[in-house]
Structures are given as structure tokens and as C-alpha cells.
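With our numbering applied, the sequence shown covers 5 to 285. One structure below.
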Amino acid sequence: MDIENMIAFVTVAELKSVSAAASNMNHLQSNMTAKIKKIENHYRQQLFFRSTRGMELTPEGEKLYRQYKKLLLLWEETEQEMNRRELKLRLGIMQSVISENITKAFSDLYEKYPNMSVTLITGSTEKMEEELIEGNIDLAYTFGKSDLQQLHYRPIGSEELVLVGKRVKTAASLAQCLQSETMLILSKNCLYASILQRIYSAHGIHLASKTEVGVLETLLRLASLGMGVALISKTTVREFGVTDFMELPQEYRYIDKFLVTRTNYELSPLERQFFKISQSL
5 MDIENMIAFV TVAELKSVSA AASNMNHLQS NMTAKIKKIE NHYRQQLFFR STRGMELTPE
65 GEKLYRQYKK LLLLWEETEQ EMNRRELKLR LGIMQSVISE NITKAFSDLY EKYPNMSVTL
125 ITGSTEKMEE ELIEGNIDLA YTFGKSDLQQ LHYRPIGSEE LVLVGKRVKT AASLAQCLQS
185 ETMLILSKNC LYASILQRIY SAHGIHLASK TEVGVLETLL RLASLGMGVA LISKTTVREF
245 GVTDFMELPQ EYRYIDKFLV TRTNYELSPL ERQFFKISQS L
């Protein structure tokens, strides 16, 4: 089984879509479908099934996904060692995207490459795009995008959003949750803030006030004390053990995630290692 087919399988598994994976890898959809079929024929197993959320892995597909991730990571390590590329990471991450997987990626790579140089910038999607265009970083993790011609946006899945706050679980409706509540946001340019603003407007609710917090842990703490409501990813909620949250209506629930680089920028083996570790299930 060649590397290209392994990458195709992993990409479909992570994006839950053959068409999205084909676009990501600059392949025809028919070619991507043929690659997946070739792998299934090779193992004589059904590896995907279709659901309302797209292409889902079967139990055997889950096993193969984990094995392919290991093989691809080893391949990237080999590329790094043999090509002797500079051990440098310059990346931007929205504060709300920082997770255990991101932290683990840094930890694993520092263990392998103690002399690795890292430049890390945090901020809004708009700030990450600006830093990329100016050449201050080489890749960024964002929620949402601006479709700037100077940048290439690689879809890497979606994230479920929830509303957090002390009283959200006891409220009769979403509108009641928002009524007279302060909106807690990380920054004025935060994508979550713009989505929450749309929800307020859609329900005809006048925004009482808005508080820019800046620190994720502080935002969650203030919400838990009843000092306002905030929109945050369900992954973050689970990591911080937050229990006071409400799931959103379907039209607001999911937001696309992207790995963004400058157009025609080629990821180094080290950057590809970081990406693969940070995207591990």
C-alpha cells in the first residue's frame, strides 16, 4: 500500500467526505473513491459507512485509521531525518483551538527534537490570516476563513459549539438563556462572538452588554459563576469539565476548522508531523 493511498484514506476519515478530501488533495473525486475502494479490496473489509454526518469509519476502519496514522507519522520522521530540514515551527492558533492534542504535539516533538525552535502566536482568525500574509508564521489553525487569495485553506473537519453559562441547563429555551445575559467573549474579533451575535439577532433579543475576557479559563470561570454566557467548542467544554452548557440549534451548532498556509506553501516534514499528531483521534 503506497503512501498516497494511506493519506487519502486518513483524509477521508478526518473530513468525513470523499469530495472534501479530493478537494484537499487536489484529486478528482472519482480518483479518491477509487483509492478508498482499492484499500477496501486489499483488506477485504468495509471500512466506511454513510451516515447523516458523512463518511464514518466502521470498527475495522477505526483500526486501520490508527495504524495508518502511525505509519504516516513514521514516514514524516524519516523525511525529516533524511532531508535534514530546519527544526523550526512558526504557527498561529486561535486560543479556543488549543487542546490536549495540540499540547501533546508540542510535547512529542520536543522529546524527539530538543533543539526545535517554535514561534507561537494566538489570536482571532483574522489575526492569524494577517500574520500568515505578513510572513510572521507559516501555518495556522482557525475556525472559519476569509477566502483570501494569498492563503490556502485546508479543511480539517468541524467542531461542535455549545452555549455555556450557569443558568443555561435550567432555561426553557435558547431565547430565555440569552435574555438579559452579558455576552462573554475572548476578543471583539472572535468568530464565536460574531456567531453569538447572529443568534441574538435571529431571536430578536437586545444584547444587554458584552465583556471581553481574553483568557479562556477566565471566560469559563465567569460563565460558571453566572456572570454571562459564552459560545465555546464542545471539545473545550469537555477538557475543562464544564457541565453547565446547552446544545445549539443545527444551523449554529457546527463550525468548520481549517489549516491555513500561504498559497503554494509546502509543509515541511516537521510541520506535517505536528499536524498529524495534533489531529490524532
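We treat Cβ as the ideally placed atom computed from N, Cα and C, and that holds for glycine.
### Close-in-space but distant-in-sequence residues of the same chain around Ala-212 (CB under 7 Å, 5 per side omitted)
For the purposes of this step, residue 212 is taken as residue 208 along the sequence shown, with counting starting at 1. Excluding sequence neighbours, Ala-212 sits near Ser-184, Glu-185 and Thr-186.
### Message
Could you check whether the region 143-161 touches the region 110-121, counting it as contact only if at least three pairs of C-beta atoms, one from each stretch, sit closer than 8 Å?
### Response
no
### Query
Quick one: what's got a C-beta closer than 8 Å to Met-29's C-beta in the same chain, skipping five residues either side?
In the sequence shown, the residue the question calls residue 29 occupies position 25. These residues qualify, in order along the chain: Ile-11, Ala-12, Thr-15 and Met-36.
### Query
Is the number of C-beta pairs between the region 269-277 and the region 195-207 that are closer than 8 Å three or more?
no
### Message
To the nearest angstrom, how far is the alpha carbon of Glu-270 from that of Val-168?
### Response
Here residue 270 refers to the residue found at position 266 of the sequence shown. Here residue 168 refers to the residue found at position 164 of the sequence shown. Taking the straight line joining both Cα atoms gives about 38 Å.
### Query
Counting Cβ pairs closer than 8 Å, one from the region 125-140 and one from the region 207-224, do we hit at least three?
no
### Task
Counting only runs of 3+ residues fully inside the region 101-172, write out the beta strand (DSSP E) ranges in chain order.
121-126, 143-147 and 155-168
### Message
Between which residues of its own chain and Ala-197 is the CB-CB distance below 6 Å, once the five residues before and five after are set aside?
### Response
Taking the first residue of the sequence shown as position 1, residue 197 is located at position 193. So the list reads Ile-189, once near-sequence residues are dropped.
### Query
Any idea which residues DSSP pairs Met-98 with across the strands?
Walking along the sequence shown from the start, residue 98 turns up at place 94. BP columns for Met-98 are empty, so no partner.
### Beta carbon of Lys-74 nearer than 8 Å to that of Ile-281
The residue given as residue 74 occupies position 70 in the sequence shown. The residue given as residue 281 occupies position 277 in the sequence shown. No, the Cβ-Cβ distance between Lys-74 and Ile-281 is not below 8 Å.
### Query
Under the three-state reduction of DSSP, which class applies to Ser-205: helix, strand or coil?
Here the question's residue 205 lines up with position 201 in the sequence shown. For Ser-205, the secondary structure class from DSSP, reduced to helix, strand or coil, is helix.
### Message
Checking the sheet assignment: what are the DSSP bridge partners for Thr-265?
### Response
As a working note, residue 265 is residue 261 in the sequence shown. Answer is Leu-143 and His-156.
### Task
Find out if the Cβ-Cβ distance for the pair Phe-278, Thr-146 is shorter than 8 Å.
As a first step, residue 278 is located in the sequence shown; it is residue number 274 there, counting from the start. As a first step, residue 146 is located in the sequence shown; it is residue number 142 there, counting from the start. No, Cβ-Cβ distance for Phe-278 and Thr-146 is not below 8 Å.
### Message
Distance check for Glu-104 and Leu-285, CA to CA, integer angstroms please.
### Response
As a first step, residue 285 is located in the sequence shown; it is residue number 281 there, counting from the start. As a first step, residue 104 is located in the sequence shown; it is residue number 100 there, counting from the start. At Leu-285 the pLDDT is 41, less than 50, meaning the model places this residue with poor confidence and gives no usable figure here.
### CA nearest to the CA of Lys-173, picked from Glu-216, Leu-229 and Glu-251
As a working mapping, residue 173 is identified with position 169 in the sequence shown. Ranking Glu-216, Leu-229 and Glu-251 by Cα distance to Lys-173 puts Glu-251 first.
#### Entry: When Asp-6, Glu-8, Ala-26 and Asn-9 are compared against Arg-158, the one with the closest alpha-carbon
Translated into positions along the sequence shown, residue 158 becomes position 154. The residue with the shortest Cα to Cα distance from Arg-158 is Ala-26.
### Task
State the beta-bridge partners of Gly-58 as determined by DSSP.
Locating residue 58 in the sequence shown gives position 54, where the first residue counts as 1. Answer is Ser-55.
### Task
Mind reading off the beta-carbon distance from Thr-265 to Leu-76? Whole number of angstroms is fine, and I expect it under 8 Å.
If you number the sequence shown from 1, residue 265 lands on position 261. If you number the sequence shown from 1, residue 76 lands on position 72. Between Leu-76 and Thr-265 the Cβ distance is about 19 Å, and since that is not below 8 Å, they are no contact.
### Query
Going straight from the alpha carbon of Leu-78 to that of Leu-19, what length do you get?
Residue 78 sits at position 74 when you count from the first residue of the sequence shown. Residue 19 sits at position 15 when you count from the first residue of the sequence shown. Cα to Cα, Leu-78 sits roughly 22 Å from Leu-19.
### Query
Among residues of its own chain, excluding the 5 on either side of Ser-162, which ones have a beta-carbon nearer than 8 Å to its beta-carbon?
Walking along the sequence shown from the start, residue 162 turns up at place 158. Contacts found: Tyr-258, Ile-259, Asp-260 and Lys-261.
### Task
Can you check the region 178-250 for any beta strand (DSSP E) of at least 3 residues that lies completely inside it and give the ranges in chain order?
186-189, 213-216 and 234-237
### Query
What is the DSSP secondary structure of Lys-20, counted as helix, strand or coil?
Walking along the sequence shown from the start, residue 20 turns up at place 16. Lys-20 falls in the coil class under three-state DSSP.
### Task
Can you say whether Thr-240 is buried or exposed, counting buried as having 16 or more other CB atoms within 10 angstroms of its CB?
Position 236 of the sequence shown, counted from the first residue, corresponds to residue 240. Answer is buried; the Cβ neighbour count reaches 16.
### Message
Checking the sheet assignment: what are the DSSP bridge partners for Ile-259?
### Response
Working through the sequence shown from its first residue, we reach residue 259 at position 255. Looking at the DSSP assignment, Ile-259 forms a beta bridge with Glu-163.
#### Entry: Inter-residue Cα distance where the pair is Val-246 and Asp-6
Counting from one through the sequence shown, the residue named residue 246 turns up at place 242. Counting from one through the sequence shown, the residue named residue 6 turns up at place 2. Cα to Cα, Val-246 sits roughly 43 Å from Asp-6.
### Task
Enumerate in chain order the residues of its own chain whose CB-to-CB distance from Ser-23 is below 6 Å, with the five nearest sequence positions on each side excluded.
Taking the first residue of the sequence shown as position 1, residue 23 is located at position 19. Shown here for Ser-23: same chain residues with a beta carbon closer than 6 Å to its own, the five before and five after excluded, namely Gln-33 in chain order.
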